[in-house]
Amino acid sequence: MSSPVETYDGLRMRGLTKSYGRFTAVRELDLDVPQGAFFALLGPSGCGKTTTLRMVAGLETPTAGTISLGSAEITHTKPYRRPVNTVFQNYALFPHLDIGENVAFGLRRRKQSDVRRKVEEMLELVELGPQAKKKPAQLSGGQQQRVALARALINEPEVLLLDEPLGALDLKLRRSMQIEIKRIQTEVGLTFVHVTHDQEEAMTMADTVAVMNGGLIEQLGSPAELYENPRSTFVANFLGQSNLIAGKVVGRAADVVRVDMEGITVTVPAGRAHADGDRAWVGIRPEKVLIGEAGAALDAPGNTVPGGVVTDVSFIGVSTQYLVRMPWGQELQVFAQNTGRDPIYRTGQQVELSWRPEYAFLLDHDQDVRAGAEDEDA
Amino acid sequence: MATVNPIVEPAVDAVDPGAAGETGRRRGPGAYLLMAPAVIWLALFFLVPFYSLIATSLYDPSGSDQAGWEMTYHVGNYATALRDYWDSLAWSLFYGAAATAICLVLGYVVAYAIAFKAGRWKNLLLVLVIAPFFTSFLVRTLSWQLILADNGWVVNTLQFLGILGEDGHLLATPFAVVAGLAYNFLPFMVLPLFASIDKIDHRLIEASSDLYANPVVGFFKVTWPLSLPGVVSGTLLTFIPAAGDYINAQLLGNTNTTVIGTVIQLQATTANQPHLAAALSTTLMAIILVMVVVYIRRADTEDLL
Chain F
114 MSSPVETYDG
124 LRMRGLTKSY
134 GRFTAVRELD
144 LDVPQGAFFA
154 LLGPSGCGKT
164 TTLRMVAGLE
174 TPTAGTISLG
184 SAEITHTKPY
194 RRPVNTVFQN
204 YALFPHLDIG
214 ENVAFGLRRR
224 KQSDVRRKVE
234 EMLELVELGP
244 QAKKKPAQLS
254 GGQQQRVALA
264 RALINEPEVL
274 LLDEPLGALD
284 LKLRRSMQIE
294 IKRIQTEVGL
304 TFVHVTHDQE
314 EAMTMADTVA
324 VMNGGLIEQL
334 GSPAELYENP
344 RSTFVANFLG
354 QSNLIAGKVV
364 GRAADVVRVD
374 MEGITVTVPA
384 GRAHADGDRA
394 WVGIRPEKVL
404 IGEAGAALDA
414 PGNTVPGGVV
424 TDVSFIGVST
434 QYLVRMPWGQ
444 ELQVFAQNTG
454 RDPIYRTGQQ
464 VELSWRPEYA
474 FLLDHDQDVR
484 AGAEDEDA
Chain P
146 MATVNPIVEP
156 AVDAVDPGAA
166 GETGRRRGPG
176 AYLLMAPAVI
186 WLALFFLVPF
196 YSLIATSLYD
206 PSGSDQAGWE
216 MTYHVGNYAT
226 ALRDYWDSLA
236 WSLFYGAAAT
246 AICLVLGYVV
256 AYAIAFKAGR
266 WKNLLLVLVI
276 APFFTSFLVR
286 TLSWQLILAD
296 NGWVVNTLQF
306 LGILGEDGHL
316 LATPFAVVAG
326 LAYNFLPFMV
336 LPLFASIDKI
346 DHRLIEASSD
356 LYANPVVGFF
366 KVTWPLSLPG
376 VVSGTLLTFI
386 PAAGDYINAQ
396 LLGNTNTTVI
406 GTVIQLQATT
416 ANQPHLAAAL
426 STTLMAIILV
436 MVVVYIRRAD
446 TEDLL
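Top to bottom, those sequences are chains F and P.
With the first letter of the first sequence counted as 1, position 321 gets the number 434 in the working numbering; the numbers rise by one all the way through.
With the first letter of the second sequence counted as 1, position 146 gets the number 291 in the working numbering; the numbers rise by one all the way through.
Pasting the structure below:
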């Protein structure tokens, strides 16, 4: 706290830690959220993402570390003095006030002028103009969600925090709200920090996603970066699905790593290899794997793995999902786009798999191969 | 700012949990059967005596137990009663109001602390609030006589501190009556307040703090309005019995501040003026009824009660 905060125009956390007795919810977090970004904290329940958000809001006091916003340090600033507003999980609308007064709450506390006009404009933005005189209990879940958003947005905070804002909505409504929130963010240009356990939601909405696990940030980057080049088994499994195959590193060149995978040598670009040891997990996304009849030369000039047997076929319209048992006993997932050019293989059929080396990634063998996979529907 | 796309979702009509439940269900004969015991009980033991009370208040005042009483619609009884005993009525309402005000302040703090700060001690503290009821109302009031007695430690301490004069005393003063009432009726205030405050979602207080309300403003804008149902039922549960109570006034007060309950008891028994006792009872009932209705209207919490 004694060292002066460097000038940075966004939200910055340094060494942020929160412990409850012996349990550490957030561990020495360093995070920069650029101004105007739509930033998502993604992780399973209990990973520390909500605690991080609450520390930024001032609702929890950090055990150690600092939070700064622009040039101001706000680590210990009272929540009602921070230029930060929150859209709470389950909304926390004031049941005794009508919608208009709920939205006006923050402006009235700060003695702003022109409250009525601003509230009208804000309710217009979220399409709730005619509902201004109703009480929160008279609105549907989706409408309440929009009131919560309006109530926070109207204060034009430097950072808007969203704590699982869509968690209580059904799937269809959630999808349209995702698009709506994203559009509002683009329109108002404020910094949004969004906490969610739904990887699809994070990827749809945010420009930058930080994947959290066990109080730490596993990886940070754009949704495409995280998906295409995960650095840990947790990220590989939590964002989408991955085939992870045990292998032995047999050679490292400047730009490529050669791995012996159950007797078949495959290559992984050096920039996608995140393992230093001899043993590693070769990762490949199911949709990057090509499937063909045994012996057929697949047109992908890459790693070819023969000897597979189809054990399960699910036709889901846009694609066909296969489970293929490999000679070493592991079942790999393959998603084949339903272009109509390739036949649909049957259970029991002999096939071979192939993928372009540039799509594979290499992960440290010490990591749990199942990490993040069970939490899919948490 | 442009507007966003409308979202297709069913508009939910006014959802008032109470109203929705009633309109949704048809009342069959079952409902009346279930209500019957209570209705019969009230008819026998409230409506009949109530009629008899009104009738008694309109007796011809020239009657007596020996000569008999006659119901002559003598409305003048009310004028007589009010003229002679308006001060007792005023004392009753004053004692009731003062005790209620003290109970509200003390009770709110206690209820707030139990609801929000007590953690795992919550249930134990609630038992302690009701604990005085394990002993008799009369015994508790009598022990206040000892506490406030002229040679008791309270008076001695206050005299030592110079707050009370050498010949000052507490017993047989309005102060003692209000103190006794406040003590006796405090649990009636604490329990409904606790029930209301305990129900308040903590996230609402966090939300108010997030929306620039400091703790004091947050209390008056969120906690207090949401606890109003408890405030209303607590003050009613305290004021109504406190205004009608005469035990505290008799045991702790003096004869200059006689309350209406004492007068009614006296008129109904020793003084043998049942028509005056009945007229005073009816008046007290009417005054309290009017005050309660006005109060509930003003508090605007009919839907919350």
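From the three backbone atoms N, C-alpha and C, an ideal C-beta is built for every residue, glycine too.
Values in this document were obtained by computation on a predicted structure and should not be read as measured data.
Item	Value
Which ranges would you report for the alpha helix (DSSP H) in the stretch 330-388 of chain F if only whole runs of at least 4 residues count?	336-341 and 346-351
Residues of chain P with a CB under 9 Å from the CB of residue 350 (chain F): which are they?	Residues of chain P passing the Cβ test: none, with the nearest at roughly 32 Å.
Within this structure, are the beta carbons of residue 325 (chain F) and residue 162 (chain F) separated by less than 7 Å?	yes
Quick check on the DSSP output: the beta strand (DSSP E) that includes residue 477 (chain F) runs from which residue to which?	474-477
Can you find the residues in the same chain that come closer than 7 Å, C-beta to C-beta, to residue 423 (chain F), ignoring five residues on each side of it along the sequence?	435, 437, 458, 459, 460, 461, 462 and 464
Do we get a CB-CB distance below 7 Å when we pair residue 193 (chain F) with the residues of chain P?	yes
Using a Cβ-Cβ cutoff of less than 6 Å, which residues in the same chain neighbour residue 125 (chain F) once the five nearest sequence positions on both sides are dropped?	145 and 181
Starting from residue 222 (chain F), trace the beta strand (DSSP E) both ways and give me its first and last residue.	It is not in any beta strand (DSSP E) - residue 222 (chain F) instead sits in the alpha helix (DSSP H) that spans 212-222.
May I have the straight-line CA-CA distance separating residue 253 (chain P) from residue 247 (chain P), to the nearest angstrom?	10 Å
If you measure from the beta carbon of residue 245 (chain F) to each beta carbon in chain P, is any gap under 7 Å?	no
Grouping DSSP H, G and I as helix and E and B as strand, with all else coil, what is residue 360 (chain P)?	helix
Mind checking residue 311 (chain P): buried by the 16 CB within 10 Å criterion, or exposed?	exposed
Determine the direct distance from the alpha carbon of residue 344 (chain P) to that of residue 267 (chain P), and round the result to whole angstroms.	14 Å
Would you give the residue range spanned by the alpha helix (DSSP H) that residue 354 (chain P) belongs to?	347-355
Where does residue 439 (chain F) sit, in a helix, a strand or coil, going by DSSP?	coil
So is residue 136 (chain F) in contact with chain P if we call contact Cβ pairs under 7 Å?	no
Looking only at its chain, what residues have a beta carbon closer than 6 Å to the beta carbon of residue 372 (chain P), apart from the 5 residues adjacent to it on each side?	341 and 342
So with CB distances below 8 Å, who are the chain F contacts of residue 346 (chain P)?	205
Would you call the stretch 308-323 of chain P in contact with the stretch 344-361 of chain P, where contact means no fewer than 3 C-beta pairs closer than 8 Å?	no
Is there a Cβ of chain F sitting closer than 7 Å to that of residue 343 (chain P), yes or no?	no
Do residue 151 (chain F) and residue 351 (chain F) come within 7 Å of each other at the CB atom, strictly closer than that value?	no
Span of the alpha helix (DSSP H) holding residue 390 (chain P)?	Here residue 390 (chain P) belongs to no alpha helix (DSSP H), and DSSP marks it neither H nor E.
Within the 7 Å Cβ cut-off, does residue 280 (chain F) reach chain P?	no
For residue 423 (chain P), write down the residues that DSSP places opposite it in a beta bridge.	BP columns for residue 423 (chain P) are empty, so no partner.
With DSSP collapsed to three states, give me the class of residue 182 (chain P).	helix
Quick check: what's the CA-CA separation for residue 375 (chain P) versus residue 277 (chain F)?	33 Å
When you check each C-beta in the stretch 209-231 of chain F against every C-beta of chain P, which residues fall closer than 7 Å?	209, 218, 219, 222 and 223
Can you tell me whether DSSP reads residue 237 (chain P) as helix, strand or coil?	helix
Would you say residue 203 (chain P) lies against chain F (beta-carbon separation less than 7 Å)?	no
Ordered along the chain, which non-local residues of its own chain (more than five positions away) have a Cβ less than 7 Å from that of residue 391 (chain F)?	361 and 362
Can you have a look at residue 285 (chain F) and say buried or exposed, based on whether 16 or more other CB atoms are within 10 angstroms of its CB?	exposed
Curious, which full-length beta strand (DSSP E) runs of at least 3 residues does the stretch 311-348 of chain P contain?	none
Which residues in chain P have a C-beta closer than 8 Å to the C-beta of residue 198 (chain F)? List them in chain order.	355 and 356
The alpha helix (DSSP H) spanning residue 293 (chain F) covers which residue range?	284-301
Check whether the stretch 168-178 of chain F touches the stretch 338-353 of chain F, counting contact only when three or more Cβ pairs, one atom from each stretch, lie closer than 8 Å.	no
When the Cα of residue 302 (chain F) is compared with those of F:132, F:154, F:149 and F:469, which residue comes out closest?	F:149
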